[in-house]
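> Okay, here's the structure, questions in a sec.
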Amino acid sequence: MSSARSPARPVVGLDLAGSPARATGCCVLRSTRSVRASVLGSDREILSAVAAVEPALVVIDAPLSLPRGRATIEDRSGPHLRACDRELLRRRIRFFPLTLGPMRMLTARGMRLGSEFSDRGIPVVEGYPGGSQDLLGLPRKQAGIRRLQRRLREAGLGGDLLRRPLTHDELDAVTIAWVGRMFLHGDAVLIGDADEGQMLLPRADA
């Protein structure tokens with residue numbers, strides 16, 4: 214995926230829940246000062262909300278691919294890690310393998326939605342808010358959501374971050390939408406194997 218896409222259109226970040234019964238954080242980021250956050254539920258609601266804003270890029274916090282050699286997410290004999298996951302290990306960034314317990318449900322949903330976006334011609338890429346926060350020097354939500362929101366504001370992000378307290382799902386969605394915008398400006402990179410599935414992270418010098 215090229216980083217040369219026009220930044221004039223918004224970037225959408227989705228902190229996807231494994232189940233439609235749980236909250237999915239959504240952020241529509243048109244600029245660093247125009248940040249709109251919300252909570253979504255069903256696949257249909259997510260697809261409709263994203264299509265309505267005609268984004269330049271959608272960044273989803275969920276695995277969007279399987280490790281090479283694994284036939285299905287339920288295949289217990291296949292590999293557990295992709296090249297992008299091994300890169301996280303190399304960088305000592307904490308993460309949950311996609312084959313671990315509830316991650317399997319999230320992976321199945323992420324792959325399904327990722328395919329839906331691609332079929333509609335909407336560019337989509339996998340993101341990781343926790344890893345991005347580590348690289349940007351931000352606290353993860355486990356350190357306190359008010360602290361994370363304050364640090365995102367201090368980094369220059371506005372909009373809903375200035376208007377109301379956001380949920381942890383919304384804050385993670387804001388994080389990856391911001392990294393998606395960085396990508397459009399050449400300040401984020403895709404790690405991993407393009408044929409297997411890549412993950413978007415901010416550049417270390419971003």
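The numbering of the sequence shown is the numbering used here, which starts it at 214 and goes up by one. Even glycine gets a Cβ: it sits at the ideal position worked out from N, Cα and C.
#1: On the DSSP bridge assignment, give the partners of R283 in chain order.
#2: Got a sec, what are the start and stop residues for the beta strand (DSSP E) L270 sits in?
#3: Once the 5 residues before and after P336 are set aside, which same chain residues still bring their CB inside 6 Å of it?
#4: Between R222, D418, G405 and R289, which lies nearest to R303 when the distance is taken from Cα to Cα?
#5: Beta strand (DSSP E) containing D238: first to last residue?
#6: Pick out the complete alpha helix (DSSP H) segments inside the stretch 277 to 327, 4 residues or longer, and give them in chain order.
#7: R360: buried (16+ other C-beta within 10 angstroms of its C-beta) or exposed?
#8: Would you kindly report the start and end of the unbroken beta strand (DSSP E) that includes L370?
#9: Give the DSSP bridge partners of R249, in chain order.
#10: Is the stretch 238 to 248 touching the stretch 399 to 418, taking contact as three or more C-beta pairs under 8 Å?
#11: For the pair the stretch 280 to 291 and the stretch 249 to 263, tell me if three or more CB-CB distances fall below 8 Å.
#12: Assess, as a yes-or-no matter, whether the stretch 339 to 346 is touched by the stretch 299 to 318 under the definition of 3 or more beta carbon pairs within less than 8 Å.
#13: Mapping DSSP to helix, strand and coil, what is G334?
#14: When we look at the beta-carbon of L375 and count the other beta-carbons within 10 Å, is it buried (16 or more) or exposed?
#15: From A386, P415 and P233, pick the residue whose C-alpha is nearest to that of I358; which is it?
#16: With distance defined between alpha-carbon atoms, name the residue in D288, T388 and V338 nearest to R366.
#17: Whole-angstrom Cβ separation of P415 and L348, contact assumed at under 8 Å?
#18: With 16 other CB atoms within 10 Å as the buried threshold, where does R295 fall?
#19: Is L277 closer than 8 Å to G410 when the C-beta atoms are compared?
Looking at the atomic coordinates:
#1: According to DSSP, which records beta bridges pairwise, R283 is partnered with nothing at all.
#2: L270 to I273
#3: L270
#4: G405
#5: Rather than Asp, the amino acid found at residue 238 in this sequence is Gly. Unbroken beta strand (DSSP E) run through G238: T237 to S244.
#6: 296 to 303
#7: exposed
#8: From DSSP, L370 is part of no beta strand (DSSP E); its letter is neither H nor E.
#9: V241
#10: no
#11: no
#12: yes
#13: coil
#14: exposed
#15: A386
#16: T388
#17: 5 Å
#18: buried
#19: yes
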